[in-house]
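Below is one structure, written out as structure tokens, with a few remarks after it.
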Amino acid sequence: MSRPPLRTPTSAALRLARKAWRLQYRDSHQSIALAEQALTRAQAGADSNAEGWARLVRAFHRMRYATPAAAIEELHAAQRCFDDTADRAGAILAGAGISRCRWREGRYRESLALILPLRDDGLRVLKQEERGMLLNGIAGCYSSLGQSEQAFAYMYQALRESSPARGHGFDVVLYCNLAHELYQLGDYHEALRYLQEGIERCTRLDNPRLLSVLLVNRIVCLTDLDRPQEAMPDVRRVLDIPADAAGRGAKGAAFETLAIAALRAGELALGEQLIERAVQSLGDTTVPDETVELAVAQAESLRIRGATGDAAARLEQALPLPAEGLSLRVRCLFLQVLADVRERQGDPALALASLRDWQRRHVERTQLASRARYQAAALQTELLRLQQELDEIDARQRATERAKLELEAINQQLSQKVSEVQSLQDALKQQAVRDFLTGLFNRRHLNDVLPSMMALAARDRQPLAVAIIDLDHFKRVNDEHGHTVGDLLLAGFGALLAKHLRKSDVACRYGGEEFCLLMPRTDATAARRKVSALLKLWRHSVFATDDGPLSGCTFSAGIADTNTMRESAQALLKCADERLLDAKRLGRSRVLVSDGAVTSPL
């Protein structure tokens, strides 16, 4: 199959329409102004191709700033123009736009069924950034259907089709969408990193709508991380952007998300104003995330005012939750608030049922994140393979030496892209779960794996022991010898754990000089023996410093297991932490388990 010829503008109207299309992310105001001029010229000159591209720009603008229904009419008109002029690229993009409208209406499966058949043809016909738009549209469908591993694969590939050097701004959209998918899986810190990059890049654009979406995503991250006060400047910044075709758009303004942030930051009056605006903005929308978040915001407002019964009734109106289209993040948010309201209402049985449902969904979210992290590369490879095959077919049909040299360059570029994909995957895995100083897993990884390890232990009817370890007098070491020596001790203790623990054990840096050990198929008594042996080894460790050898280091530890504490991961950690505090109060250098047994100081 031959490579399609490049589109060559044949009229001033078409050049104007194509420029408007390229500017849609970089300068939304100029883009729509140019599209209107191009449409006027195209209709006056009976230029169907130019009319199609002008209408395509208008349709995408209406999709963002008005309603899907307003965009659909323009998209069908654009498609008719492209069919008349045999412009396959324009027809594919119009089809992708129709799919996006269905997505914005909450019809996710229909949206996927419309856009997926366009994939192979689009990869062959479209230019790089336009291919990225197509792939990003497919990613959005998979994301809304809860298939994050597929969504990640398409989004990362779309990111590589977009070059910030071209300055069109589509890469900022992808940073925003990657962050959205990351926080849906609970990886808020990595999402904040992408959002910061996207917001910085957005300062070079004139696109208030895109900036508002980035800011709303950051508000979600900060609120879910229990940092709503930090989110308030972004809330006010979003509200300062007008909700019209020159700003963030009258629809999808996310007032319900802003309301939750304001309420949790203690700004009740603002929160209730935002709830009223959300009710007006959403109208009769059927998008699950928006309607459920609105119910949560209204319930939180009622709870703050002391109307706990009304809060519970408002949440129960939203039950049963939609089986499809509701993100795991919003589902977990709803169940968490429902459990809290029912507990305050004095109904512990229903509160416990909601909490258990939340725990199940949280485990599901953790498992989904794990699958997405390690399986996202599979579809990327498929897409890269498809592109390589297309280039190889193209090479066979080219007879000149110039074409052969071009093929070599393309193959080299594709090989580099494959290497970049693999490098990014490897870096993401390591950055997500490892502490750089000790080489151990970090607390984020602990939070990811502990619930699933507890579930596995319950299934196998085997105990799981948790030990929290605190290096004794660590502040004194920093004060007397400096932080370099302190870092030396932390790295040394990490090496000791890595050397002497079983492969099935999980060692994490819990924070500062604290560490956490997860020991499957081990009860508290066996864990005490193991940790006591580590205490003896640590006591005899010697570290060379500028002030001479440093030895005699000790630690205190608390241990709990699932035989005595199986309610939740947080309860198990809390029990071990309380035993640690008891061990420190008894004089340090000892191990204390949840049944009261103590290892005496060495």
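Numbered continuously in the working numbering, the sequence shown closes out at residue 604.
Note that beta-carbon positions come from the ideal geometry of N, C-alpha and C, so glycine has one too.
When C-alpha distances from alanine 301 are compared across Asp549, Gln369 and Ala341, the shortest belongs to Ala341. Boundaries of the alpha helix (DSSP H) harbouring glycine 97: 90-106, taken from the DSSP string.
Annotated as proximal: alanine 80 and arginine 57, with beta-carbon spacing under 7 Å.
Three or more beta-carbon pairs separated by less than 8 Å are not found between the stretch 544-555 and the stretch 520-536, which leaves the two stretches without contact. Membership of glutamate 278 in the alpha helix (DSSP H) is indicated by the continuous run 270-284.
Just measuring C-alpha positions, the residue of Arg24, Ala264, Arg195 and Asp236 sitting nearest valine 218 is Asp236. Comparing C-alpha distances from leucine 137 to each of Val593, Asp359, Arg121 and Arg307 shows the shortest one belongs to Arg121. In the DSSP assignment, isoleucine 243 falls outside any alpha helix (DSSP H), carrying neither H nor E.
Secondary structure of glutamate 183 (DSSP, three-state): helix.
Per DSSP, the unbroken beta strand (DSSP E) holding threonine 547 starts and ends at 544-547. By the criterion of a C-beta distance shorter than 7 Å, alanine 160 is surrounded in its chain by Gly134, Leu137, Asn138, Ala141 and Leu176, once the five residues flanking it on both sides are discounted. Between arginine 346 and threonine 310, the C-beta gap is smaller than 7 Å, which places the two residues in contact.
Annotation: histidine 78 to valine 451 spans about 49 Å, alpha carbon to alpha carbon. Proline 465 is not bridged by DSSP to any residue. Here the alpha carbon of glutamate 318 sits roughly 15 Å from the alpha carbon of proline 290. By the C-beta density criterion, alanine 88 is exposed, having fewer than 16 other C-beta atoms within 10 angstroms. Here alanine 299 has Glu258, Ala261, Ile262 and Ile277 as same chain residues with Cβ atoms under 6 Å from its own Cβ, once five neighbours each way along the sequence are excluded. Short of 7 Å from the beta carbon of aspartate 525, and not among the five residues preceding or following it, lie these beta carbons of its own chain, in chain order: Pro465, Ala467, Asp563 and Asn565. The shortest CA-to-CA distance from leucine 473 to any of Arg64, Gly560 and Cys103 is the one to Gly560. Here the C-alpha atom of glutamate 199 lies approximately 15 Å from the C-alpha atom of cysteine 223. Boundaries around glycine 550 are those of the beta strand (DSSP E), 550-553, since no alpha helix (DSSP H) includes it. Proline 522 has Leu466 as its beta-bridge partners, per DSSP.
The count of Cβ pairs closer than 8 Å, one atom from the stretch 203-213 and one from the stretch 228-235, stays below three, leaving the stretches out of contact.
DSSP, reduced to helix, strand and coil, places glutamate 232 within a helical segment of the structure shown. DSSP, read as helix, strand or coil, puts tyrosine 158 in helix. Taking C-beta separations shorter than 7 Å and ignoring five residues to either side along the sequence, the partners of cysteine 334 in its chain run Trp360, Arg363, His364 and Arg367, following chain order. DSSP places leucine 323 in the coil class of the three-state scheme, outside both helix and strand. Apart from sequence neighbours up to five positions away, the residues of its chain that approach leucine 337 with a beta-carbon distance below 8 Å are Ser356, Leu357, Asp359, Trp360 and Arg363, ordered along the chain.
The distance from the Cβ of glycine 124 to that of isoleucine 94 is about 5 Å, consistent with a contact at the 8 Å cut-off. Under the 10 Å beta carbon count, glutamine 186 is surrounded by 16 or more other beta carbons and is classified as buried. By the Cβ rule, the stretch 37-53 counts as touching the stretch 12-24, because three or more pairs are nearer than 8 Å. For the pair arginine 162 and aspartate 579, the Cα-to-Cα distance works out to about 45 Å.
Taking the C-beta atoms as reference points, leucine 442 is found no nearer than 7 Å to arginine 504. DSSP, reduced to helix, strand and coil, places valine 289 outside both helices and strands of the structure shown, so it counts as coil. Here the alpha carbons of arginine 126 and alanine 411 stand approximately 18 Å from one another. Under a 10 Å Cβ-count criterion, valine 595 is classified as buried, with 16 or more other Cβ atoms of the shown protein chains found around its own Cβ.
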